[in-house]
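Sequential numbering from 1 applies to the sequence shown in UniProt numbering. Each residue gets a CB set at the ideal place from its N, CA and C atoms; glycine is no exception. In what follows, a structure is listed as structure tokens, so that the remarks can point back to it.
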Amino acid sequence: MTTQPSARDRVLSAYEDLLIGDGPRAATLDAVAAAAGVSKGGLLYHFKSKEALTEGLLAKLRGYAELDFAAMAQDPEGCAKYYVRTSVFGDTPFDRAIVAAHRLIQSDDDAVRHVFAELHARWFELILSDIGDPAVARAVMLLGDGLYFNATLFGFPTVVASPANAQEKVDVASLLEVVDRMRSGTRS
């Protein structure tokens, strides 16, 4: 027996869906309520305003990020490799929260921008604790961010092992080898 998500969770999911699919302008309170299958009064019971709805999305994003930070800190291959390996868009709940929040940045939402700055600072701290060199840690972050950006923008598929057609797929395993070379300071 599956349990139905709460009305609050349905509202947040509907807000994410509208932000991802149609953008911030389309994610009105009326549209979110309709997509969630609740009345506008039901939506307002959980979220008093659109700002409160955004705060709910950001709280959800922070919750997923905390789980990610914990997994990253415990990864046996290290924080740097974890960051690159997991910077592939997988349409997970965390990915969806990230993309939805990114859509809000397009409408100049400073609260969202602030949360992303916090998250990036935490990822950077973890990578730096693993790598030890700020410039290399920043390069690892940019590598991971580039992977994520390209996957969300262009839909590049990724593979763990060497791909049959390297021009069409991003080989994450080869990028992890690059992280090892960056860590050791060797060039090839």
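Check: Same chain, Cβ closer than 7 Å to D68, neighbours up to 5 away in sequence not counted; Outcome: F94
Check: Per-residue burial, T3 [other beta carbons within 10 Å of its own, 16 or more giving buried]; Outcome: exposed
Check: Length of the line joining the Cα atoms of V11 and L58; Outcome: 14 Å
Check: Per-residue burial, R96 [other beta carbons within 10 Å of its own, 16 or more giving buried]; Outcome: buried
Check: Short Cβ contact (8 Å threshold) for A80 with I131; Outcome: yes
Check: Cβ pair count under 8 Å reaching 3, the segment 75-92 against the segment 34-41; Outcome: no
Check: Beta-carbon separation (whole angstroms), residue 225 vs T54, contact threshold 8 Å; Outcome: In this structure the chain extends from 1 to 188, so residue 225 is not present and cannot be described.
Check: Residues of its chain near V112, where Cβ-Cβ distance is below 6 Å and the 5 sequence neighbours each way are ignored; Outcome: A101, L104, I105
Check: Proximity below 8 Å, CB of M141 to CB of F124; Outcome: yes
Check: K60 classed as buried or exposed, judged by whether at least 16 other C-beta atoms fall within 10 angstroms; Outcome: buried
Check: CA nearest to the CA of R122, picked from E66, V84, E77; Outcome: E66
Check: CA-to-CA distance, A137 to S129, given in whole angstroms; Outcome: 9 Å
Check: Sequence-distant residues of its chain with Cβ nearer than 7 Å to K50 (five each side left out); Outcome: L29
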